[in-house]
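To start, the structure itself, in structure tokens.
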Amino acid sequence: MATSEAQLQTELLRLVTCGSVDDGKSTLIGRLLYDTKQIYVDQLEHIEEASRRRGHATVDLALLTDGLRAEREQGITIDVAYRSFVTPRRRFQLADAPGHVQYTRNMVTGASTADLAVILLDARQGVVEQTRRHAYIVSILGTPHVTAAVNKMDLVDWSQGRFEEIVAELESLGLADLHAVPISALHGDNVVDGSERMPWYDGPSLLEHLETVEIATDRNLEDRRFPVQWVIRPVGTDYRGYGGQVASGVWRAGDEVVVLPSGRRSRVAAIEPVDEAVAGRSATILLEDDLDVSRGDLLADPDQAPSVVDELEATVCWLGERPLEPGARLLIKHTTRTVRARPDELLSLTDIATLEPVPAPERLALNDIGAVRFRLAEPLVVDAYVRNRTTGSFIVVDEATNETVGAGMIA
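The sequence shown begins at 1 in the working numbering and counts up one residue at a time.
Encoded structure:
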């Protein structure tokens, strides 16, 4: 199971699995790890022993991801279980999100950085209420690709008609780049290898699809955005560079640049250590002019500049135990900048059962999703979330406890 240098250089796909309780998410992930030989011998021996203690005739692959004692006792996934695995074609970072509605915040956490969401369904049940909730969450989080894994096909006699019924209902949910695969996680059909028991399906297995889905074009290469993480000024030299990670766009020497929120302009003198830097790449940018640039400032294309705002409206997923109420003392951390903020108005709350907005709620409780207007103590430099997931998102921090209590997507 050793990872070669060549494998480490392959493209990384971040994915999250979600679905209703008992749809088989943990079994599916266990099957992926088992059939791609990603399990250490001692791990497998431990899982085999645990399976025997539970009275299972075969290895319970779900135990590979259900690592918490409480969830093992209850037989459900509570927290987000992260796993990494590698194939010759791609590296994967996988988050297994919980199925219960009361763990919506864990689902948001797992899906917030995902390139692709795998929504698992029980072929017997089809699209249920929790399927719609998870579809809604991956939609508002802007997950670029969605794969529906229709599981337990063995329990509907491998029925093509049943699979097509479910796909038709899924298509009505308006999911981005939807692809559906009929599988049996328990038996391994169409998970890593194809299935002879469903000859009517001529598409790729789930793993083959994950290995080949195109994600390079998901990056925003148009809007140049570079949040300054630190200023590099070696003592006794004239060197002044700005370090950070490119949020979007392609950066090259000679590019015009505006420093926000100050609005001062310059040009890029050099990019280090490469000739050009693209979204996701860490780099140091040097400017032609000696400007006053600090951590938290944003370098951008002056012809496609983001907005400088002292208030903002956003969709907020509330993660805190204490409810969000107007006037609360909070911090908003946006890229590399943190400012004090107060919620001026709670505009609406999404009814988690109907997914319809309820206007003017008194508060947002744990796991609630709603629209909020914030007033900021200092300006932020933002884009709409639909345009740029990095500069269009933020986290909310309780000023008193320093606890992360919310995640926001700017309207």
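Virtual Cβ for every residue (Gly too), placed ideally from N, Cα, C.
Rounded distance between the beta-carbons of residue j and residue i, thought under 8 angstroms
{"i": "N402", "j": "R105", "result": "Not confirmed; about 18 angstroms, so no contact."}
{"i": "L33", "j": "V118", "result": "Contact doesn't hold; Cβ gap of about 14 angstroms is too wide."}
{"i": "L364", "j": "W318", "result": "4 angstroms"}
{"i": "L299", "j": "H334", "result": "Between H334 and L299 the Cβ distance is about 15 angstroms, and since that is not below 8 angstroms, they are no contact."}
{"i": "F226", "j": "A253", "result": "The Cβ separation is near 14 angstroms, so there is no contact."}
{"i": "D297", "j": "V258", "result": "Between V258 and D297 the Cβ distance is about 10 angstroms, and since that is not below 8 angstroms, they are no contact."}
{"i": "A148", "j": "L170", "result": "5 angstroms"}
{"i": "T350", "j": "P359", "result": "That pair is no contact at about 11 angstroms."}
{"i": "R373", "j": "L347", "result": "6 angstroms"}
{"i": "S139", "j": "L175", "result": "7 angstroms"}
{"i": "I332", "j": "V386", "result": "Wrong, their Cβ atoms sit about 19 angstroms apart, outside the cutoff."}
{"i": "W158", "j": "M198", "result": "5 angstroms"}
{"i": "L210", "j": "I183", "result": "L210 to I183, Cβ: 12 angstroms. No contact."}
Beta-ladder partner(s) of residue i, from DSSP
{"i": "G19", "result": "L120"}
{"i": "Q93", "result": "R14, S84"}
{"i": "A328", "result": "Looking at the DSSP assignment, A328 forms no beta bridge with any residue, so it has no partner."}
{"i": "H334", "result": "R337"}
{"i": "R225", "result": "S248, A300"}
{"i": "L155", "result": "Answer is none; L155 lacks a bridge partner."}
{"i": "L364", "result": "L324"}
Range covered by the beta strand (DSSP E) that runs through residue i
{"i": "S262", "result": "Per DSSP, S262 belongs to no beta strand (DSSP E) and is neither H nor E."}
{"i": "V381", "result": "369-382"}
{"i": "E164", "result": "Looking at the DSSP string, E164 is not in any beta strand (DSSP E); the run it does join, the alpha helix (DSSP H), is 160-171."}
{"i": "N151", "result": "145-151"}
{"i": "T404", "result": "404-410"}
{"i": "Q245", "result": "241-245"}
{"i": "T315", "result": "307-318"}
{"i": "P343", "result": "337-350"}
{"i": "P359", "result": "357-359"}
{"i": "V396", "result": "393-398"}
{"i": "V231", "result": "230-232"}
Residue i to residue j span [Cα, whole Å]
{"i": "L330", "j": "E345", "result": "14 angstroms"}
{"i": "V382", "j": "S112", "result": "18 angstroms"}
{"i": "T17", "j": "S84", "result": "13 angstroms"}
{"i": "D202", "j": "V181", "result": "10 angstroms"}
{"i": "E71", "j": "T27", "result": "Note that E71 scores 40 on pLDDT, short of 50, meaning its location in the model is unreliable and no value can be drawn from it."}
{"i": "Q245", "j": "E222", "result": "16 angstroms"}
{"i": "T404", "j": "P361", "result": "22 angstroms"}
{"i": "M1", "j": "T315", "result": "Note that M1 scores a pLDDT of 43, beneath 50, so its modelled location is shaky; the value from the coordinates is reported in the next line. So the alpha carbons of these two residues sit roughly 42 angstroms apart."}
{"i": "T336", "j": "N220", "result": "19 angstroms"}
{"i": "R54", "j": "V309", "result": "57 angstroms"}
{"i": "G408", "j": "G142", "result": "12 angstroms"}
{"i": "G249", "j": "E11", "result": "19 angstroms"}
{"i": "E45", "j": "V278", "result": "44 angstroms"}
{"i": "E325", "j": "P343", "result": "7 angstroms"}
{"i": "E5", "j": "K37", "result": "Unreliable placement is indicated for E5, whose pLDDT of 46 sits below 50; no coordinate value is reported for it."}
{"i": "H187", "j": "L155", "result": "11 angstroms"}
{"i": "T391", "j": "A384", "result": "8 angstroms"}
{"i": "D290", "j": "S307", "result": "24 angstroms"}
{"i": "F92", "j": "D218", "result": "16 angstroms"}
{"i": "I29", "j": "A305", "result": "42 angstroms"}
{"i": "H179", "j": "P88", "result": "22 angstroms"}
{"i": "D23", "j": "Y82", "result": "18 angstroms"}
{"i": "T284", "j": "G243", "result": "4 angstroms"}
{"i": "D255", "j": "A270", "result": "9 angstroms"}
{"i": "V191", "j": "E48", "result": "21 angstroms"}
{"i": "A168", "j": "G126", "result": "11 angstroms"}
{"i": "A341", "j": "R264", "result": "25 angstroms"}
Residue i: first and last residue of the uninterrupted alpha helix (DSSP H) it sits in
{"i": "K25", "result": "25-35"}
{"i": "A135", "result": "129-140"}
{"i": "A111", "result": "104-111"}
For this session: Return the chain-ordered ranges of every beta strand (DSSP E) run that is complete within the stretch 250-288 and spans a minimum of 3 residues.
Result: Listed in chain order, they are 250-252, 256-260, 264-272, 276-278, 282-287.
For this session: Pick out the complete alpha helix (DSSP H) segments inside the stretch 167-223, 4 residues or longer, and give them in chain order.
Result: Qualifying alpha helix (DSSP H) stretches, in chain order: 206-212.
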